[in-house]
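Visitor:
There are 2 protein chains.
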Amino acid sequence: MDSTKPDTTSRILDVSERLFVEHGFEGTSLRMITQQAGVNLAAVNYHFGSKDALFEAVFLRRLAPLITACLTELDVLEKSSTPTVEGLVMSFIRPCLMLSKDPSRGGAMFVRLMSRTLVENHRVLRDTLSQQYSVFVDRYNAAFERVLPGLSADERAWRMHFSFSVMFNAFAGNDVLKIFTRSQVVSARDPDMIVKHLLPYVVSALVAPARG
Amino acid sequence: MDSTKPDTTSRILDVSERLFVEHGFEGTSLRMITQQAGVNLAAVNYHFGSKDALFEAVFLRRLAPLITACLTELDVLEKSSTPTVEGLVMSFIRPCLMLSKDPSRGGAMFVRLMSRTLVENHRVLRDTLSQQYSVFVDRYNAAFERVLPGLSADERAWRMHFSFSVMFNAFAGNDVLKIFTRSQVVSARDPDMIVKHLLPYVVSALVAPARG
DNA sequence: CCACGTTTAGAACAGTTGTTTGAAACTTAC
DNA sequence: GTAAGTTTCAAACAACTGTTCTAAACGTGG
């Protein structure tokens, strides 16, 4: 046996993550997964119970640590006497950046999976996950209120909505203009390059004065 | 016969558009489509040739007019002696807004379809469509260069990338924070409300001074 | 060596998929 | 009214879907 070969469960998770990103939940069959993972077809149902449960496992494996990393960043930030908008934005970007640059955690794969799952509106997102991480949103809400005291709750919610949207899609590599042209508008997919341009963009939009 | 009932082709297109948005390309079967459209199963292959060709037809029906509307807005803008960033942004937002508010064109359905198709990376987007609307990107590139002369080509490309990303996802109703909480962060999906907050957000980010 | 719980194996299940077929029904024009 | 062309219909096709089953193989402690 190849000792470097991970166990069946991990191999299934790794292959699934990639295939779910590439072909979506419906477009990925258990036979594709088990073949590429080099395991028996029945292994998925044996180890995870069902295709749905497998998807949830793939998702939770990465989401929980990512959330934790963000919350830890927020903890540090809250102890600071002078929190900045830039620091707050980085408290979300930094964990995404770390994840994107770590091949052992699938790199940017998971952000892409979140992006796909979001637009696919998968059950797991509506039913299982959505409510158990609401602390994430609450904490960011409070943090944004602190660094942007001049905004109404409504205005703040919109700017957060837009900011997470653009940050998310940047890391997921969703190039909208790709719809209209073959040539990639943005040259590289280097995560550091993304952050370099993303951070000032988001901060500029967030700190703009409220229009009365 | 009910004279208000559209013909088979249109009924298939309308139903397909909605189902492709709700369940994606792979998740939508021809039997779902034909049943809801009240037509025979073979009708899709008779009128369109294949499921792939149907998808392309659904996509092109809305995309071409949307592109045209944007290009027309750009024409007007270019004749203006004092084009503004706000005007340029609105030249994209306005056609999206009109579309979103027009139920006879499926409302916001098509923007959501574009959003789904983008992350699904469908063949039709890679092969068929991508190259024939490159004029869209070229025109916007030139227009942005005119109203933001202080930016390098690189910086401009990134800001355009982010801006179209956030505008797109706003109209598509992709609420990222929905992943983490059940409660909708942004209250309404009223297109006018979206524009009201979206426009100043994007403009602020676009006009921010370049950091040398 | 044996017995035990865990994992893997291949085969089969009923149901669904996109597509094709040939005949029926319909519309249109002469 | 009849012929030609267009559209609809039910039925069938092979291929694929997630899931289940039982037997075989495996690892482990006695």
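In order, the protein sequence lines correspond to chains R and G.
Residue 1 is where the first sequence starts when you use the numbering used here, and the numbers rise one by one after that.
Residue 1 is where the second sequence starts when you use the numbering used here, and the numbers rise one by one after that.
Quick reminder that beta carbons are idealized off the backbone N, C-alpha and C, glycines included.
Run through chain R and tell me which residues come within less than 8 Å of LYS178 (chain G), C-beta to C-beta.
Guide: On the second sequence, residue 178 (chain G) is found 178 positions in, with the first residue counted as 1. Residues of chain R passing the Cβ test: LEU118, LEU125, SER130.
Visitor: Going by C-alpha distance, which of G:ILE33, G:LYS178, G:MET98, G:ALA205 is nearest LYS51 (chain G)?
Guide: Position 51 of the second sequence, counting from 1, holds the residue named residue 51 (chain G). The shortest C-alpha separation from LYS51 (chain G) is found at G:ILE33.
Visitor: Excluding five sequence neighbours on each side, which residues of the same chain lie with their C-beta closer than 6 Å to the C-beta of SER204 (chain G)?
Guide: Stepping through the second sequence from its first residue, residue 204 (chain G) is reached at position 204. Closer than 6 Å at the Cβ level, and outside the excluded window around SER204 (chain G), lies no residue.
Visitor: Using 8 Å for Cβ pairs, my map puts ARG105 (chain R) next to ARG62 (chain R). What's the rounded Cβ distance?
Guide: Taking the first residue of the first sequence as 1, we reach residue 105 (chain R) at position 105. Taking the first residue of the first sequence as 1, we reach residue 62 (chain R) at position 62. That pair is a contact at about 7 Å.
Visitor: What does the Cβ neighbour count give for LYS178 (chain G), buried or exposed, with the cut at 16 atoms within 10 Å?
Guide: Here residue 178 (chain G) corresponds to residue number 178 of the second sequence, with the count starting at 1. Buried.
Visitor: Just the chain R side, please: which residues come within less than 7 Å of GLY24 (chain G) by C-beta, in chain order?
Guide: Taking the first residue of the second sequence as 1, we reach residue 24 (chain G) at position 24. Those within 7 Å of GLY24 (chain G) in chain R are GLY24, GLU26, GLU120.
Visitor: Is ARG159 (chain G) close to chain R? Criterion is C-beta to C-beta, closer than 8 Å.
Guide: Taking the second sequence and counting its residues from 1, one reaches residue 159 (chain G) at position 159. It does: the Cβ of ARG159 (chain G) has a partner Cβ on chain R nearer than 8 Å.
Visitor: Let me confirm a value: THR28 (chain G) is counted as buried when at least 16 other C-beta atoms fall within 10 Å, else exposed. Which label applies?
Guide: Locating residue 28 (chain G) in the second sequence gives position 28, counting from the first residue. Buried.
Visitor: Is it buried or exposed, MET1 (chain R), if we count other Cβ atoms within 10 angstroms and call 16 or more buried?
Guide: Along the first sequence, one-based indexing puts residue 1 (chain R) at 1. Only weak support is given to the placement of MET1 (chain R): the predicted model assigns it a pLDDT of 37, under 50, and the question is left unresolved by the model.
Visitor: Indicate, with yes or no, if the ligand SAH has a heavy atom lying under 7 Å from the CB of VAL195 (chain R).
Guide: Although the ligand SAH was asked about, the structure shown includes no ligands whatsoever.
Visitor: At 3 residues or longer, and completely inside the stretch 15–76 of chain G: list those beta strand (DSSP E) runs for me, N to C.
Guide: Counting whole runs of 3 or more residues, the stretch 15–76 of chain G contains no beta strand (DSSP E) stretch at all.
Visitor: Looking at C-alpha atoms only, which residue of G:LEU13, G:PHE25, G:SER115 is the closest neighbour of PHE48 (chain G)?
Guide: Here residue 48 (chain G) refers to the residue found at position 48 of the second sequence. Ranking G:LEU13, G:PHE25, G:SER115 by Cα distance to PHE48 (chain G) puts G:LEU13 first.
Visitor: Using a threshold of 8 Å, state whether the C-beta atoms of VAL58 (chain G) and SER100 (chain G) are closer than that.
Guide: Within the second sequence, the letter at position 58 stands for residue 58 (chain G). Within the second sequence, the letter at position 100 stands for residue 100 (chain G). It is not a contact, given that the beta carbons lie outside the stated cut-off.
Visitor: Against TYR201 (chain R), what residues of chain G qualify as contacts under a CB-to-CB distance less than 8 Å, listed in chain order?
Guide: Numbered from its first residue, the first sequence carries residue 201 (chain R) at position 201. By Cβ distance, chain G contributes TRP158, ARG159, PHE162, ALA205, ALA208.
Visitor: Using only alpha-carbon positions, find the residue among R:GLU56, R:GLU78, R:ALA142 that is nearest to MET114 (chain R).
Guide: Counting from 1 along the first sequence, the entry for residue 114 (chain R) is found at position 114. The residue with the shortest Cα to Cα distance from MET114 (chain R) is R:GLU56.
Visitor: Flag SER3 (chain G) as yes if its beta-carbon sits less than 8 Å from any beta-carbon of chain R, otherwise no.
Guide: Here residue 3 (chain G) refers to the residue found at position 3 of the second sequence. Any reading at SER3 (chain G) is ruled out, since the residue's pLDDT is 40, under 50, leaving its predicted position unreliable.
Visitor: Could you give the distance in angstroms between the alpha-carbon of ARG216 (chain R) and the alpha-carbon of LEU77 (chain R)?
Guide: Nothing in the structure corresponds to residue 216 (chain R), since chain R is present only between 1 and 212.
Visitor: Three or more C-beta pairs closer than 8 Å, one from the stretch 76–94 of chain R and one from the stretch 155–167 of chain R: is that the case here?
Guide: Cβ pair count under 8 Å is three or more, so yes.
Visitor: Using a C-beta to C-beta distance shorter than 9 Å, which residues of chain G count as neighbours of LEU198 (chain R)?
Guide: For this step, residue 198 (chain R) is matched to residue 198 along the first sequence. TRP158, PHE162, listed in chain order.
Visitor: Taking ASP192 (chain R) as the reference, give the member of R:LEU118, R:ALA170, R:LEU129, R:LEU66 with the closest Cα.
Guide: In the first sequence, the residue the question calls residue 192 (chain R) occupies position 192. The option with the nearest alpha carbon to ASP192 (chain R) is R:ALA170.
Visitor: Are PHE213 (chain R) and VAL176 (chain G) touching if we call contact CB-CB under 8 Å?
Guide: A question about residue 213 (chain R) goes unanswered here, because the residues of chain R that appear run from 1 up to 212.
Visitor: Decide if the stretch 78–89 of chain R is in contact with the stretch 34–43 of chain R; the criterion is three or more beta carbon pairs, one per stretch, under 8 Å apart.
Guide: Output reads no: the stretch 34–43 of chain R does not touch the stretch 78–89 of chain R.
Visitor: Return the residue from the list G:VAL186, G:GLY107, G:THR181 that minimises the CA-CA distance to TYR133 (chain R).
Guide: To locate residue 133 (chain R), count along the first sequence from 1; it is residue 133. Comparing Cα-Cα distances from TYR133 (chain R) to each of G:VAL186, G:GLY107, G:THR181, the minimum goes to G:THR181.
Visitor: Between ALA37 (chain R) and ARG11 (chain R), which are expected to be in contact by the criterion C-beta below 8 Å, what is the C-beta distance as a whole number of angstroms?
Guide: Taking the first residue of the first sequence as 1, we reach residue 37 (chain R) at position 37. Taking the first residue of the first sequence as 1, we reach residue 11 (chain R) at position 11. That belief holds up - the Cβ atoms of ALA37 (chain R) and ARG11 (chain R) are roughly 4 Å apart, short of 8 Å.
Visitor: Using a Cβ-Cβ cut-off of less than 9 Å, list which residues of the stretch 99–117 of chain G approach chain R; keep chain order.
Guide: Hits within the stretch, in order: ARG112, MET114, SER115, ARG116, THR117.
Visitor: Determine the closest residue to GLU73 (chain R) out of R:ALA108, R:VAL124, R:CYS96, with distance taken between C-alpha atoms.
Guide: Mapped onto the first sequence, residue 73 (chain R) falls at position 73. Answer by Cα proximity: R:CYS96.
Visitor: Under the three-state reduction of DSSP, which class applies to HIS197 (chain R): helix, strand or coil?
Guide: In the first sequence, residue 197 (chain R) corresponds to position 197, counting from 1. HIS197 (chain R): helix per DSSP, three-state reduction.
Visitor: What are the residues in the stretch 60–72 of chain R lying within 7 Å of chain G by C-beta distance?
Guide: Taking 7 Å as the Cβ-Cβ cut-off against chain G, none of the residues of the stretch 60–72 of chain R qualify.
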